[in-house]
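So for the sequence shown, the numbering used here puts the first residue at 1; every next one is plus one.
Glycine included, every Cβ here is placed at the ideal spot set by N, Cα and C.
The structure appears below as structure tokens.
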Amino acid sequence: MDPVAENSPQNIARGVAANQVLQVGSSGAIYVQQPPSTVWSANRPHMLPGGIGRIVGRHHLLQAMDEAMEGTGSRSCMLWGLAGSGKTTLALAWASSRIDNYPDGQFFVDMRAYSGTPRIEARDAVRTFLATLGIKRADLPDNEDEWGGVFRAATAGRRCLVVVDNVGSYDQVRDLVPGFGSGLVVTSRRAIPEMSVRHEAKVLKLPLLTTDEGVELLAERVGFIRVTKGDSSARRIVELLEGHPLALAIVSAKLAIHTSWTVRDAVRGIESERSPLRFLDGAGLGIEVGRVISWSVEDLDASTKRVLYIASMLPSNECSLSVLALILDVPTRDCDHMLQSLCMASLVDEVTVGHYRMHDIIKAYLSETRSRVMSDDEQAEVGRRVRTVYLALSYAADSAVDPHRHPLRLDEETAGLAATARFTVAEALAWFESLTPAINHLIEEAESAGEFPFVTRFARSVNTFLYWRQDVTRTLSVQEAAVAAAVAGDAAMEALSRRALGRALADTGRLAEAKEELHASMALDAAQGDETGVASAQHAMAELALRSGQHGEALRWGVRAARESRRTDNPVREARALYDAARALNELGHHAWAQALGLRSLSICEDRGNAYGRALALRLLGEVGLRSGDLEEGCTWLERAWRVEESLGNARSVRTILQQLESAYGELGDEGAGDEVRRALAGLERYPDLTQSTVVIGTVTP
């Protein structure tokens with residue numbers, strides 16, 4: 001067959017003396033390398049934009065690009081990531097510093113997939129590349145689909161570099177892939193799997209800058225002396241913007257323009273705005289982070305965009321697949337598909353399987369533009385559903401931590417959702433740990449919406465965890481909000497809320513105010529005929545008396561609570577009241593009586609499977625042994641209490657018990673046991689790291 005007469009793809013030139021097969025396969029037909037003198041322009045293409053300064057950080061990515069482009073394989077690399085993460089900067093910085101590796105030319109095109117301007121068509125880009133090589137339009141096939149093959153043939157066997165920037169899909173890249181021997185770098189906000197599958201490209205996702213890298217970027221652009229003077233402020237800027245390169249570049253530009261500003265002034269400017277976008281996009285610099293993000297959001301289909309906006313309404317940047325599926329009321333598989341689409345678009349990140357995170361700046365943009373895609377009524381309904389799901393899961397988690405607590409009256413929707421959640425104790429604690437930063441936000445949103453029953457019941461559901469966490473300040477603010485909500489519109493929960501507030505006040509040392517709240521709670525329960533509530537208040541009064549050193553009064557309240565609980569057939573509450581009375585007796589020096597009540601409390605808890613009460617009784621018996629002088633027996637009880645509290649995840653009690661054991665073993669001279677306790681203390685963090693636990697949601701508890 002005569003390759004010249006074949007006319008597809010015309011083989012570019014007339015001379016075929018050097019017929020060398022260069023490319024065969026699904027990408028196109030067989031192409032023939034042409035003599036350089038007839039095909040290759042004497043002027044090698046140098047299309048890389050200039051003006052790329054020193055790149056900050058990213059050294060591991062530069063090394064990874066080198067490895068990808070220097071190998072014997074495809075010599076192609078794909079950079080993708082969040083809008084403004086520095087993909088183009090990295091690609092051009094790498095390419096500019098490796099020009100000598102590509103003496104036959106460097107090609108560059110911005111495909112404008114995310115720019116607010118019309119996209120560049122692949123055929124137009126390849127036509128420009130071919131024209132740069134001196135190949136005229138008249139020499140090209142009539143079929144434009146074959147132009148990519150011509151470009152591959154023209155660059156095959158040469159050392160060229162092609163940088164295709166701002167790509168939206170593989171269709172924009174396919175015809176710009178150079179021939180064998182040349183290199184290709186593609187940047188996109190989207191992951192483009194075809195680059196890996198069809199071209200074995202090295203795929204690199206750009207992370208945001210670390211704090212140190214962000215400070216270095218500010219110093220590089222603003223001046224090292226200026227940043228050094230406000231180093232802590234510079235770090236604060238990076239933290240506020242979560243290391244977002246474009247956002248940091250805009251802050252740098254504002255500081256460079258406003259020479260009278262200090263770095264601290266920039267911090268105050270960011271913190272004073274409702275969202276960082278207000279500070280960034282008010283710069284008047286010709287580039288707005290919000291607009292840059294909008295191009296990614298507007299590229300989504302309607303259903304995926306709606307999911308993104310709903311996810312932005314969650315109380316924190318964290319997003320669990322299972323939780324979002326409950327909020328959307330869709331199967332987990334469907335929700336996962338939509339979240340994966342958002343990951344592919346670099347609008348959320350998958351931290352671990354089923355666990356996602358949204359960048360602060362993305363969340364801020366979605367918050368400011370939400371009214372464009374969701375009506376006020378729809379936003380209100382989504383907000384209500386979010387709070388309903390969070391209350392249901394928090395209630396279920398609290399029940400896992402303390403299954404013997406008196407149940408709350410929930411509305412039908414919340415109760416139904418709570419019944420579908422199954423937590424182990426570790427998973428429940430992990431749920432609360434992740435929820436803690438958002439607790440106040442959820443309460444404030446509910447207060448604004450007038451959802452007072454949510455506030456009171458949510459406060460009750462998080463109370464045990466906050467107590468174990470020793471978060472005294474947050475506990476107090478939550479319970480104050482609960483009492484205010486009960487007074488405003490949930491009278492049925494006022495007594496319980498005041499009781500919880502009394503305990504929170506006692507934890508802060510405000511004992512007189514605590515007593516007032518507990519008396520008010522007891523009066524409300526008595527008026528409503530709630531005998532269980534009265535017993536709970538009596539128990540709380542016993543605790544308060546113990547805190548105040550009024551051990552005789554504590555004994556009286558404890559005995560009253562035990563009798564009331566026995567009369568109303570509430571053995572769990574009775575065991576707790578006996579524990580209070582035993583503590584008072586121990587302080588009064590009646591150790592034998594204290595031990596007898598402690599053993600009775602322990603027996604009830606073991607019969608009822610109440611691990612929480614069992615731990616308290618064991619600890620009490622240990623303290624009785626220590627106070628009575630029987631150190632060995634006291635240590636035996638305390639070691640049992642240690643193991644139970646450890647299994648419950650109650651680090652607060654574990655630490656106290658270990659400190660008691662350390663002192664007791666020191667008195668006994670038991671160095672081996674003392675060393676074991678000290679090792680346990682050394683390894684005990686402020687709170688156990690349970691964030692890797694998997695929360696199982698959607699399975700009905702058997």
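Residue range of the alpha helix (DSSP H) that includes residue 593
Within the sequence shown, residue 593 is the residue found at index 593, counting from 1. That run of the alpha helix (DSSP H) goes 591-608.
Exercise. Output the boundary residues of the alpha helix (DSSP H) element that contains residue 124.
Key: The count along the sequence shown starts at 1 and reaches residue 124 at position 124. Note, residue 124: alpha helix (DSSP H), 122-132.
- Query: Which value, in whole angstroms, describes the spacing of the CA atoms of residue 209 and residue 81?
  - Reply: Working through the sequence shown from its first residue, we reach residue 209 at position 209. Working through the sequence shown from its first residue, we reach residue 81 at position 81. The alpha-carbon of residue 209 is positioned some 12 Å away from that of residue 81.
Where residue 218 and residue 198 are concerned, what is the direct C-alpha to C-alpha distance, given to the nearest angstrom?
What you label residue 218 is simply residue 218 of the sequence shown in a count that begins at 1. What you label residue 198 is simply residue 198 of the sequence shown in a count that begins at 1. If you take the alpha carbons of residue 218 and residue 198, they lie about 39 Å apart.
| task | Can you tell me which of the three DSSP states residue 352 falls into? | result | The sequence position of residue 352 within the sequence shown is 352, counting from 1. Three-state DSSP puts residue 352 in a strand.
Q) Taking just the CA atoms, how far does residue 178 sit from residue 708? A) The question about residue 708 has no answer, for the chain in this structure spans 1 to 702.
Would the segment 247-256 count as touching the segment 337-344 if we require 3 or more Cβ pairs under 8 Å?
no
**Message:** According to DSSP, residue 80 sits in a beta bridge with which residue or residues?
**Reply:** Numbered from 1 along the sequence shown, position 80 holds the residue referred to as residue 80. Bridge partners of residue 80: 188 and 205.
Which full runs of the alpha helix (DSSP H) of 4+ residues lie inside the segment 314-343, going along the chain?
321-328
(message) On the criterion of 16 or more Cβ atoms from any shown chain inside 10 Å, does residue 388 qualify as buried, or is it exposed?
(response) On the sequence shown, residue 388 is found 388 positions in, with the first residue counted as 1. That one is buried.
Taking CB distances under 8 Å as the criterion, tell me whether residue 255 reaches chain C.
Here chain C cannot be found, since the structure has a single protein chain.
Along the chain, where does the beta strand (DSSP E) containing residue 534 start, and where does it finish? On the sequence shown, residue 534 is found 534 positions in, with the first residue counted as 1. That residue, residue 534, is in no beta strand (DSSP E); its alpha helix (DSSP H) goes 531-548.
* Does the Cβ-Cβ distance between residue 204 and residue 48 come in under 8 Å? -> For the purposes of this step, residue 204 is taken as the residue at position 204 of the sequence shown. For the purposes of this step, residue 48 is taken as the residue at position 48 of the sequence shown. For residue 204 and residue 48, no; Cβs fall outside 8 Å.
- When the Cα atoms are used, what is the spatial distance from residue 326 to residue 421? Here residue 326 refers to the residue found at position 326 of the sequence shown. Here residue 421 refers to the residue found at position 421 of the sequence shown. If you take the alpha carbons of residue 326 and residue 421, they lie about 10 Å apart.
Within 10 angstroms of its Cβ, does residue 118 collect 16 or more other Cβ (buried), or is it exposed?
Position 118 of the sequence shown, counted from the start, is the residue given in the question as residue 118. Residue 118 is exposed by the Cβ-count criterion.
- Collapsed DSSP secondary structure at residue 643 in the structure displayed: Start at 1 with the first residue of the sequence shown, and residue 643 comes out as number 643. Residue 643 falls in the helix class under three-state DSSP.
- Message: Does the structure place the segment 258-275 close enough to the segment 219-234 that three or more beta carbon pairs sit under 8 Å?
- Response: Output reads yes: the segment 258-275 touches the segment 219-234.
_Beta carbon of residue 148 nearer than 8 Å to that of residue 163_ = Position 148 of the sequence shown, counting from 1, holds the residue named residue 148. Position 163 of the sequence shown, counting from 1, holds the residue named residue 163. In this structure, residue 163 does not lie closer than 8 Å to residue 148 by Cβ.
**Message:** Whether or not the segment 233-245 and the segment 98-113 are in contact is what I'm after, with contact meaning three or more pairs of Cβ atoms, one per stretch, closer than 8 Å; do they touch?
**Reply:** no
*By Cβ distance below 8 Å, which residues in the same chain neighbour residue 201 in space, the five residues on each side in sequence not counted?*
For the purposes of this step, residue 201 is taken as the residue at position 201 of the sequence shown. Same-chain partners within the cutoff: 68, 74, 76, 77, 78, 184, 186 and 195.
Quiz item: CA-CA distance, residue 52 and residue 94?
Solution: Position 52 of the sequence shown, counted from the start, is the residue given in the question as residue 52. Position 94 of the sequence shown, counted from the start, is the residue given in the question as residue 94. Going from the Cα of residue 52 to the Cα of residue 94 covers about 10 Å.
- Taking buried to mean at least 16 other C-beta atoms within 10 Å of its own C-beta, is residue 274 buried or exposed? Position 274 of the sequence shown, counted from the first residue, corresponds to residue 274. With fewer than 16 Cβ atoms within 10 Å of its Cβ, residue 274 is classed as exposed.
* If you draw a straight line from the C-alpha of residue 167 to the C-alpha of residue 161, how long is it? -> Here residue 167 refers to the residue found at position 167 when the sequence shown is read from its first residue. Here residue 161 refers to the residue found at position 161 when the sequence shown is read from its first residue. So the alpha carbons of these two residues sit roughly 17 Å apart.
| query | Where residue 300 and residue 171 are concerned, what is the direct C-alpha to C-alpha distance, given to the nearest angstrom? | reply | Within the sequence shown, the letter at position 300 stands for residue 300. Within the sequence shown, the letter at position 171 stands for residue 171. C-alpha separation (whole angstroms): 17 Å.
**Report entry** Backbone CA spacing between residue 464 and residue 398 [nearest angstrom]
**Finding:** Your numbering for residue 464 matches position 464 in the sequence shown. Your numbering for residue 398 matches position 398 in the sequence shown. Taking the straight line from one Cα to the other gives about 7 Å.
Inset, instruction - Go to residue 569, then tell me how far its alpha helix (DSSP H) extends in each direction, as first and last residue. - result: Start at 1 with the first residue of the sequence shown, and residue 569 comes out as number 569. Unbroken run through residue 569: none, as it is neither H nor E.
- Looking only at its own chain, which residues have a Cβ that is under 7 Å from the Cβ of residue 214, when we skip the five neighbours before and after it? As a working mapping, residue 214 is identified with position 214 in the sequence shown. Counting only Cβ-Cβ distances below 7 Å, and skipping sequence neighbours, we find 238, 243 and 248.
Residue 60: which of 383, 90, 656 and 457 sits nearest, CA to CA? What you label residue 60 is simply residue 60 of the sequence shown in a count that begins at 1. Taking residue 60 as reference, the option from 383, 90, 656 and 457 with the minimal CA-CA separation is 90.
### Beta-carbon spacing of residue 586, residue 623 below 8 Å
Here residue 586 corresponds to residue number 586 of the sequence shown, with the count starting at 1. Here residue 623 corresponds to residue number 623 of the sequence shown, with the count starting at 1. Against a cut-off of 8 Å, the Cβ pair of residue 623 and residue 586 comes out as a contact.
- prompt: Exposed or buried, which one is residue 667 when buried takes at least 16 other CB atoms within 10 Å?
  reply: Here residue 667 corresponds to residue number 667 of the sequence shown, with the count starting at 1. The residue is exposed, with fewer than 16 neighbouring Cβ atoms inside 10 Å.
So the alpha helix (DSSP H) residue 717 belongs to, where does it begin and stop? Only positions 1 to 702 of the chain appear in this structure, which leaves residue 717 out of reach.
message: Applying the 10 Å Cβ sphere with the 16-neighbour rule, what's the burial state of residue 322?
response: Within the sequence shown, numbered from 1, the residue matching residue 322 stands at position 322. The residue is buried, with at least 16 neighbouring Cβ atoms inside 10 Å.
Pairs of beta-carbons, one from the segment 403-418 and one from the segment 427-440, closer than 8 Å: are there three or more? no
Item checked: Whole-number beta carbon distance between residue 391 and residue 320, since they are thought to touch under 8 Å -> If you number the sequence shown from 1, residue 320 lands on position 320. If you number the sequence shown from 1, residue 391 lands on position 391. At roughly 15 Å, the Cβ-Cβ gap does not stay under 8 Å, so residue 320 and residue 391 are not in contact.
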